[in-house]
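First residue of the sequence shown? That's 29 in the numbering used here, and the numbers climb one at a time after it.
We treat Cβ as the ideally placed atom computed from N, Cα and C, and that holds for glycine.
Please read the structure below before turning to the comments.
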Amino acid sequence: MAKILCVLYPDPETGYPPLYPRDDIPTITRYANGQTAPTPKGPLGFKPGELVGCVSGELGLRGYLEKLGHELIVTSNKDGPNSEFERHLPDAEVVISQPFWPAYLTKERIAKAKKLKLAVTAGIGSDHVDLDAAARAHVTVAEVTGSNSISVAEHAVMMVLSLVRNYLPSHGIATYGGWNIADCAARSYDIEGMHFGAIGAGRIGLAVLRRLKPFDLHLHYSDPHRLSPQIEKELDLTFHPDAESLVGAVDIIDVHMPLYPSTEHFFDDRMFAKMKRGAYLINTARGKLFERDAVVRALASGRIAGYAGDVWFPQPAPADHPWRTMPFNGMTPHISGSSLSAQARYAAGTLEILQSHFGATPIREEYLIVAGGALAGTGAQSYKLT
Ligand code: NAD
């Protein structure tokens, strides 16, 4: 019998289950790159469209795991040495966590987790796990690659439009009884004709580029892996060999690269100094890619015109985190990859990974980040250990 330790975000403050505004969600069976959506065997422990990412939702895993005689612990209490997470960690064979409410698996915690074999990210982005320590301890790290890529891409497109068109402040003026058109218009532009750059053009970055194409922007990108000539031609893309050359050429910078040791604080005062005055920044990748106070300084000085995103460090962000109140921000809590549509896929993908683990069958190559003591699968393609 194995212990599975699952860290999920707290239930809605209004109680669980919520009153759902819709009765169903579309069924997505295949992604743009041809990869199939999760294909677990047997029934799901939930109805797609239900809120399963919170504690009471349990990712729908309890029935499957208890039928096999395993023990499932679900908690949102994850931080500090007295947390429920640390209490159960030494006995856990599998840890499951979502990037929205990450259970940070540091080197020290991995050292305490003597029975740990598998760390699953229910979602995408496994930087909350010390990947080097996981590799050394021969812990497999897997995530549900592709499950929420389009969810995040849609969110990024929304943030591009809302920042450049000054949507959120204008909505605030309407909500609070105002009608000063000049106040709304004084920071509002069209995106048509602007230059847009994606840093990281993997599953999400490419999906954003594709979605923005009909808006008649000039599209740029930078990625250590160059896209095919066909895609570059189809989208009329300008490739930049590095992020430095891209940031000076575009009006909107959209970040989709993973966080690993050498991309931490990639965007600092030096990078902001290279940008056009009035550039907009969108970051749905990871909070730590940016130096926290450099963002605040760039907004306060007018070097950049706006910053929107949903990723912070740490998570949950403290109440006094300056990104909550800095000028011209369009921040949300970390939600872009946890729409009800996304949850259906990453919960099914988590079940699929568990079925592979307990059935001793290989986990899909594209789900692997670390395996056999080294980066593997998508991890080998997109991450570095340094
Ligand atoms: P992906 O692996 O498909 O693509 C990542 C791309 O980044 C790859 O093409 C890789 O070559 C490129 N890259 C790596 N290092 C780079 C660098 N230094 N400069 C530029 N590009 C670099 O991953 P994805 O599915 O597109 O996800 C990207 C990231 O988005 C994840 O790592 C995760 O951190 C984040 N994410 C956030 C949410 C959310 O809810 N906000 C959800 C999913 C993923």
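Do you know whose CA, among the options, lies nearest residue i's CA?
i	options	result
residue 259	276, 241, 273, 323	241
residue 372	42, 30, 85, 38	85
residue 53	33, 389, 77	77
residue 41	404, 82, 58	82
residue 253	245, 238, 231, 236	231
residue 141	327, 32, 268, 313	32
residue 34	56, 69, 48, 80	80
residue 70	246, 95, 367	95
residue 270	245, 312, 229, 263	229
residue 152	404, 397, 408, 196	397
residue 48	292, 369, 342	369
residue 59	172, 366, 309	172
residue 310	342, 176, 188, 131	188
residue 122	202, 104, 57, 29	29
residue 191	160, 318, 216, 315	216
residue 356	197, 296, 294, 202	197
residue 407	55, 62, 214, 154	154
residue 320	350, 337, 193	350
residue 244	222, 251, 206, 159	222
residue 404	112, 160, 193	160
Could you name the residues of the same chain whose beta carbon sits closer than 7 Å to that of residue i, not counting the 5 residues immediately before and after it, in chain order?
i	result
residue 67	380
residue 226	233, 236, 237, 249, 282, 284
residue 300	322, 326, 331, 332
Excluding the 5 residues flanking residue i on each side, which residues of the same chain have their C-beta closer than 6 Å to its C-beta?
i	result
residue 323	335
residue 402	163
residue 288	411, 412
residue 434	Missing from the structure shown is residue 434; the chain here goes from 29 to 414 and no further.
residue 166	401
Thinking C-beta only, is residue j closer than 8 Å to residue i?
i	j	result
residue 224	residue 280	yes
residue 144	residue 120	yes
residue 129	residue 37	yes
residue 7	residue 358	Here the chain covers residues 29 to 414 and nothing more, so residue 7 does not appear.
residue 131	residue 375	no
residue 367	residue 312	no
residue 109	residue 362	no
Going straight from the alpha carbon of residue i to that of residue j, what length do you get?
i	j	result
residue 218	residue 395	39 Å
residue 180	residue 136	31 Å
residue 174	residue 65	8 Å
residue 386	residue 100	14 Å
residue 170	residue 382	10 Å
residue 274	residue 183	22 Å
residue 125	residue 208	45 Å
residue 277	residue 327	19 Å
residue 354	residue 400	44 Å
residue 93	residue 388	15 Å
residue 90	residue 220	49 Å
residue 211	residue 107	43 Å
residue 147	residue 133	9 Å
residue 409	residue 39	35 Å
residue 186	residue 378	28 Å
residue 156	residue 199	35 Å
residue 345	residue 292	17 Å
residue 62	residue 56	12 Å
Return yes when the C-beta of residue i is under 7 Å from any heavy atom of ligand 2, and no when it is not.
i	result
residue 231	Only ligand 1 can be found as ligands here, which leaves ligand 2 out of the picture.
If you drop the 5 nearest sequence neighbours on each side, which residues of the same chain put their C-beta closer than 8 Å to that of residue i?
i	result
residue 384	390, 391, 392
When you compare the CB of residue i with every CB in chain C, is at least one pair closer than 8 Å?
i	result
residue 350	No chain C is present in this structure, which holds just one protein chain.
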